[in-house]
Structures are given as C-alpha cells and as structure tokens.
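*Asks:*
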Amino acid sequence: MINVSVLFFGATAEAVGERQMEIDLQQPTNAREAFTEIVETFPQLKSHSLLYAVNQEYAGGDEAINDGDELAIFTAVSGG
Amino acid sequence: MKTSFFELTTESLNVGAIARRVVPAGCGATVTLDGYVRQFTKGRETLYLVYEAYEPMALREMEKLIEQAHVQFEISNVGIVHRLGKLKIGETSIVISVSAPHRRAAFETCEWLIKELKRTVPIWKKEFYADGEVWVEGDASRDSQITFND
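Each protein sequence line maps, in turn, to chains F and Z.
Going by numbering that gives the first Met the number 0, 55 is the number at position 56 of the first sequence; the sequence numbering is gapless.
Going by numbering that gives the first Met the number 0, 145 is the number at position 146 of the second sequence; the sequence numbering is gapless.
(1) Using C-beta distances below 6 angstroms, list every residue in its chain close to Z/Gly60, excluding the 5 sequence neighbours before and after it, in chain order.
(2) Identify the continuous alpha helix (DSSP H) that holds Z/Lys117 and give its terminal residues.
(3) Beta carbons nearer than 8 angstroms to chain F: which residues of the segment 103–121 of chain Z have them?
(4) Hey, how far is the Cα of Z/Trp123 from the Cα of F/Glu32?
(5) Do Z/Glu132 and Z/Ala99 come within 8 angstroms of each other at the CB atom, strictly closer than that value?
(6) Need the endpoints of the alpha helix (DSSP H) that F/Thr40 sits in, please.
(7) State yes or no: is the C-beta of F/Tyr51 within less than 8 angstroms of the C-beta of F/Ile22?
(8) Under 8 angstroms by Cβ, that's how I've got F/Ala63 and F/Asn29 pegged, so tell me the actual separation to the nearest angstrom.
(9) May I have the straight-line CA-CA distance separating Z/Lys1 from F/Val53, to the nearest angstrom?
(10) Determine the extent of the alpha helix (DSSP H) in which Z/Gln67 is found, giving its start and end residues.
(11) Following the continuous alpha helix (DSSP H) through F/Val76, name the residue where it begins and the one where it ends.
(12) Below 8 angstroms between beta carbons: does that hold for Z/Ile95 and Z/Cys109?
(13) Please tell me whether F/Ala14 and F/His47 are closer than 8 angstroms, where the distance is taken between their beta carbons.
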C-alpha cells in the first residue's frame with residue numbers, strides 16, 4: 000500500500016466537504032486508476048466536469064502514482 | 000538615465016501610466032490588461048467575487064505561460080499578477096503587462112496570455128449574487144484531461 004494526499008478546490012472542496020485528505024492505494028497504480036477510485040468514493044463529484052493533477056502537473060491518466068504523491072481534483076478553471 | 004524620473008504632483012497617480020514609462024530601451028510598447036470584477040453577467044447581478052487558487056500549481060502554470068510566450072512572440076518582458084480572496088465590483092482581479100519592441104506583438108501576447116490563463120491556470124472564482132452563490136466552472140476541454148470509460 001502507498002499513501003497519497005488528495006487536494007480539492009472550489010466546487011470539488013464543497014462537494015466533498017474537505018480540502019485535503021490522506022488515502023491509501025494499492026500499488027502499482029496509475030493516475031487513471033487512482034482518480035477513478037477517489038471519484039467512486041465521492042460520487043457527488045461525478046456531476047462536475049473534472050480535471051486532475053499529480054504533483055502539481057496536469058495528469059493524462061498514465062502517470063505512475065507513488066507513495067507521498069500529491070493528487071488534486073478540481074473543476075475546469077475560471078480565473079482571470 | 001532616460002527611464003528614471005522623479006516628480007512631485009498634486010494629481011492622483013495613474014499606476015498604469017507610470018509603469019509604461021519604465022520599459023526596456025529596446026521596446027516600443029507595453030500592453031497592459033486590467034481585468035476587474037463585472038457587475039452583471041448574462042443579466043444577473045454580482046455582489047462580489049471570491050477567487051481561490053491551487054497556489055503552487057498556479058504559479059508553475061503561470062511561469063510556463065510566460066516561458067511559452069517568449070518562445071512564440073517577439074516580446075521583452077511579461078508581468079502577471081492575479082489577486083485572490085474577496086473582490087468587490089470594479090476591483091482589479093488580474094493584471095497582465097507585456098512589453099515588446101513593436102505593439103502588435105505586445106497586443107497579441109497579452110490576448111494569448113489571458114486566454115491561456117483562463118484555460119490552464121488553476122484558479123477558480125465564486126460568484127455571489129443577491130439570490131445565491133456559485134463556483135464558476137470554465138470550459139473543461141483540455142488536451143490532458145483524463146477520460147474515463149464510464
């Protein structure tokens with residue numbers, strides 16, 4: 000098992016009711032599997048169009064997830 | 000030095016006008032975007048906004064945009080400042096300044112930067128209306144978006 004932190008912002012933080020949490024994942028895993036598992040845990044996220052990041056970089060899905068990584072789930076950005 | 004000056008005035012100061020006078024010697028123009036909080040969006044009245052960022056990632060994405068701008072455009076300097084927290088109507092949320100030898104490149108770069116920032120930099124705004132509040136969700140189309148089978 001590996002331990003990662005998961006960050007939420009804006010609409011996803013409100014939907015989940017948390018801004019940050021630690022979760023355990025089975026190894027080996029990639030970004031697609033990890034984020035699928037997290038979204039299944041919080042199905043209220045499914046009504047949003049989501050973006051994903053691993054270690055502060057946008058994730059395409061195939062990135063390997065390692066112990067201590069920082070994952071983030073958020074909606075399409077709206078700055079400016 | 001031509002770019003240095005010191006003055007006394009009883010007039011109010013115009014920050015943008017002052018900033019424009021301090022450009023690199025090789026430049027011919029600075030284009031500055033002053034983006035501020037709009038009162039009405041699609042007929043609905045905004046009372047105020049709150050901006051939130053994934054700060055370390057937002058800074059990385061802003062740095063990438065500036066690096067990319069230097070590759071794509073004939074420009075000298077770029078400055079981007081985005082404000083976070085609660086903003087009232089008319090308050091500046093973002094400033095993007097681009098100096099360049101020729102104005103066309105500065106205009107094009109400034110427009111490119113704000114478009115890309117609105118697409119890639121992880122900052123979100125929450126609109127507070129008289130009758131409710133909502134986190135604004137942008138256009139999600141991104142090359143790097145993960146698509147799930149379900």
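Idealized CB from N, CA, C, for every residue including glycine.
*Replies:* Working from what's here:
(1) It should be pointed out that residue 60 of chain Z corresponds to Glu in this sequence rather than to Gly. Answer for Z/Glu60: Thr119 and Val120, listed in chain order.
(2) Arg102 to Thr119
(3) Ile113, Leu116, Lys117, Arg118, Thr119, Val120 and Pro121
(4) 26 angstroms
(5) no
(6) Ala30 to Thr40
(7) no
(8) 6 angstroms
(9) The pLDDT assigned to Z/Lys1 is 39, lower than 50, so where the model puts this residue is not dependable, and the model offers no usable value.
(10) Glu54 to Gln71
(11) From DSSP, F/Val76 is part of no alpha helix (DSSP H); its letter is neither H nor E.
(12) yes
(13) yes
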